[in-house]
Ligand SMILES: [Zn+2]
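Numbering (the working numbering), first residue to last: 3 to 366.
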């Protein structure tokens, strides 16, 4: 594992002394190596592992193997902020997003703008998001998809529509439509979806306006941010025995007291210590499930396109090398490969231009 220092045998005593010092240095370095910052390592991964899909740990403390990418474009979606390379997820998550996009269009929504899902191998992110670490979280914009294919630059730069007034924390009525409600209801209707995080103002709008079946409101959970997108979270998937489930949501619509709290002053008090490091800044490899080390070390597919999920037509992640041990990903070569370009015969070549990094509002 640690092959950084591999001295060849020396003859002179000077060299021997030097080697002895090197050995000591190596010993001293080892504990530090165990404290590598997880976000730096996971944030640097460009491709998923070419192993069976599996989530390790919890939504806010974990990683995943066998990720697949949602294509940059589908008939009913477009991926936003592509330079972030966060269009990766557990295949079940990607399949569900694609299904939601089709169902949403059938419901009258013009198509989905896809925000962050996860890094190729999950883990804590370099910026934004406490969760999104195990491939089971996805952000979807509350802005309808334009009726044209956006350019790469437009996807990087287009502003999202803030649905909530920052002062009153209420939804801007001029912007909210029955189609927004239908989209959230559709997302909540899937049994795999355990929670949908929205701004408290959006939750209140639903509480105030949804008639008839209100059972799905149980899954809609108020949270800071989430004023231009909603966050869809699915449960641990089969084949992931080390995925930690979240608590189930209470069995009521959540429109009572817990929601009222969000409309008090308390949740909006300024952070007394805004410069304090975030969890993602402190999370070391030792804090993640031990399998996450193997996830980092596992081989990757030949290209991002080779691990792109086309409505299940190309189950690529499992087409790569077999894991060396049945219980966890292989630990041979590190995942290399090219960025999209080697598009396969089944799919349109993704439009990959020069990345244009751009900060965006902090989100969860
Ligand atoms: Zn999110």
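Quick reminder that beta carbons are idealized off the backbone N, C-alpha and C, glycines included.
On the three-state DSSP scale, how would you describe residue 90?
Here residue 90 corresponds to residue number 88 of the chain shown, with the count starting at 1. The answer is strand: DSSP assigns residue 90 an E or B state.
Those residues which DSSP pairs with residue 65 across a bridge
What you label residue 65 is simply residue 63 of the chain shown in a count that begins at 1. Paired residues: 58.
Span separating the alpha-carbon of residue 73 from that of residue 267:
Looking up residue 73 in the chain shown gives position 71. Looking up residue 267 in the chain shown gives position 265. Roughly 42 Å separates the two Cα atoms.
Between residue 187 and the rest of its own chain, which residues show a CB-CB distance below 6 Å, the 5 nearest in sequence each way excluded?
The residue you call residue 187 lines up with position 185 of the chain shown. Closer than 6 Å at the Cβ level, and outside the excluded window around residue 187, lie 218.
What are the start and end residues of the beta strand (DSSP E) that includes residue 297?
As a working mapping, residue 297 is identified with position 295 in the chain shown. Per DSSP, residue 297 belongs to no beta strand (DSSP E); it is in the alpha helix (DSSP H), 293-299.
Put residue 287 into one of helix, strand or coil per three-state DSSP.
The count along the chain shown starts at 1 and reaches residue 287 at position 285. Here residue 287 sits in helix by DSSP.
List the DSSP bridge partners of residue 80.
Within the chain shown, the letter at position 78 stands for residue 80. BP columns for residue 80 point to 75 and 115.
Does any heavy atom of ligand 1 sit closer than 7 Å to the C-beta of residue 299?
Stepping through the chain shown from its first residue, residue 299 is reached at position 297. Incorrect: residue 299 has no Cβ contact closer than 7 Å to ligand 1.
Cα-Cα separation, residue 289 to residue 128:
Here the question's residue 289 lines up with position 287 in the chain shown. Here the question's residue 128 lines up with position 126 in the chain shown. The straight-line gap from Cα to Cα measures roughly 16 Å.
Please report the residue range of the beta strand (DSSP E) in which residue 140 lies.
As a first step, residue 140 must be located in the chain shown, where it is residue number 138. Note, residue 140: beta strand (DSSP E), 139-143.
Does the distance from the C-beta atom of residue 123 to that of residue 65 stay below 8 Å?
Numbered from 1 along the chain shown, position 121 holds the residue referred to as residue 123. Numbered from 1 along the chain shown, position 63 holds the residue referred to as residue 65. Yes, they are a contact pair.
Is the closest heavy atom of ligand 1 to the C-beta of residue 92 under 7 Å?
Locating residue 92 in the chain shown gives position 90, where the first residue counts as 1. Incorrect: residue 92 has no Cβ contact closer than 7 Å to ligand 1.
Which one or two residues does DSSP pair with residue 245 in a beta bridge?
Translated into positions along the chain shown, residue 245 becomes position 243. In the DSSP output, where bridge partners are listed per residue, residue 245 has 59.
Relative to the C-alpha of residue 208, which residue among 99, 178, 195 and 285 is closest?
Taking the first residue of the chain shown as position 1, residue 208 is located at position 206. Closest by alpha carbon: 178.
Could you pull out every residue in the same chain whose Cβ sits closer than 7 Å to the Cβ of residue 45, ignoring the five residues on either side in sequence?
Start at 1 with the first residue of the chain shown, and residue 45 comes out as number 43. Cβ neighbours of residue 45 beyond the five flanking positions: 121, 127 and 128.
Measuring only the C-alpha atoms, how far is residue 76 from residue 148?
Residue 76 sits at position 74 when you count from the first residue of the chain shown. Residue 148 sits at position 146 when you count from the first residue of the chain shown. Their backbone Cα atoms lie some 13 Å apart in a straight line.
Taking just the CA atoms, how far does residue 252 sit from residue 81?
Counting from 1 along the chain shown, the entry for residue 81 is found at position 79. Counting from 1 along the chain shown, the entry for residue 252 is found at position 250. When rounded, the distance between both Cα atoms is 33 Å.
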